[in-house]
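*Asks:* First the structure, then my questions, so here it is.
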Ligand SMILES: Cc1ncc(COP(=O)(O)O)c(C=O)c1O
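Below is the structure:
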């Protein structure tokens, strides 16, 4: 946990801002927390290959490393527009011995179908999930790994929420916020795993009446929680995933290509959607410029460069601070710094410097 003293000073706020830093994990993001657990169980089951999709590449990097740790092969379908924008994540996966293919992929029937209809399809998490599941189904010794959206992934990630309470207390020496849990817990939301991991251990306290605020920051490129409809749908385009009830932009929605590959989902998971529906969770959406500007401010004040996805959470925190200042409140704000932005510098450059 990192207290953002300089950012607080820059903002002139009485709010206390803490960053839960997952960018310092070996692969550069929180995704490693579940990749290791899933690779372990796949190896225990006697599988030889891990197959998955990846958006911006953070999840793929974690699967590639976890596969190596347990002596497994990794085959990864990466959203095409992200692969073109972030080639270094591909190089990292390949250095670990992973096979990386762009999605939509000519390697699968669903990928060929999507490309047949639109040869310039930029890819999305919906296409990449389909490519990966179809490919895994064709190999009995393969295990398909989900990077987000599923209960077991959320469960592994709950260590985020467990750690914040412990770290606020042990490192910062006080009972901060509601019962030492902070007052506002903020995370970006794509498939919802860093968000659910952060808030999961605190849901019971909130249900019991604690005045905790949970906030999801999504991308305006796929604004499901703020603009979607609540309906049954699938998280992939090929029809391999079960229909789940959630906030959705619809299966025909192609999120515009941007530098925020980890938040370009067309359909929200059942759990995140239900929490939103029941008003346990608030949601806000930011365009990538606003998110990257928030990321730049964090770099300039704290010296920390976060992934564009995490920039959405920082942008949300800035809004919470502004509101608290207007109300003369001094809350404890915990922001999930979900990943490092060193391999996203091209995006920062294109959006903030090239224009
Ligand atoms: C750095 C980073 N943060 C957040 C996310 C969003 O994932 P989730 O919504 O599952 O937490 C991703 C997804 O790829 C990511 O790479």
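Residue numbers (our numbering): 32 to 386. Glycine residues also receive a C-beta, built at the ideal position from the N, C-alpha and C atoms. The structure displayed is predicted, hence computed values, not measured ones.
1. Check whether the Cβ of residue 87 lies closer than 7 Å to any heavy atom of ligand 1, and answer yes or no.
2. Whole angstroms is fine: what's the gap from residue 127's alpha carbon to residue 215's?
3. Which residues in the same chain have their Cβ closer than 7 Å to the Cβ of residue 139, if we skip the five residues on either side of it in sequence?
4. Measure how close the beta-carbons of residue 196 and residue 251 come, nearest whole angstrom, since I'm counting them as under 8 Å.
5. Between which two residues does the beta strand (DSSP E) harbouring residue 254 extend?
6. For residue 55, report the span of its beta strand (DSSP E) as first-last.
7. At what residues does the beta strand (DSSP E) containing residue 271 begin and finish?
8. Cα separation between residue 322 and residue 77?
9. For residue 107 and residue 154, I'd like the C-alpha separation in whole angstroms.
10. Could you tell me whether the region 82-93 touches the region 50-63, using the rule of 3 or more Cβ pairs below 8 Å?
11. Apart from the five residues just before and just after residue 278, which ones in its own chain have a Cβ nearer than 6 Å to its Cβ?
12. Please name the residue in 344, 188, 40 and 241 whose C-alpha comes closest to that of residue 66.
13. How long is the line joining the alpha carbons of residue 370 and residue 171, rounded to whole angstroms?
14. Is the separation between the beta-carbon of residue 385 and that of residue 290 shorter than 8 Å?
15. In its own chain, which residues sit with a C-beta less than 6 Å from the C-beta of residue 191, not counting the 5 before and 5 after it?
*Replies:* Concretely, from the data shown:
1. yes
2. 38 Å
3. 162, 165 and 166
4. Between residue 251 and residue 196 the Cβ distance is about 32 Å, and since that is not below 8 Å, they are no contact.
5. Where residue 254 is concerned, there is no enclosing beta strand (DSSP E), given that its DSSP letter is neither H nor E.
6. No beta strand (DSSP E) contains residue 55, which DSSP labels as neither H nor E.
7. Residue 271 -> no beta strand (DSSP E), and no H or E assigned at all.
8. 42 Å
9. 14 Å
10. yes
11. 255, 256, 259, 261, 299 and 304
12. 188
13. 33 Å
14. no
15. 228 and 229
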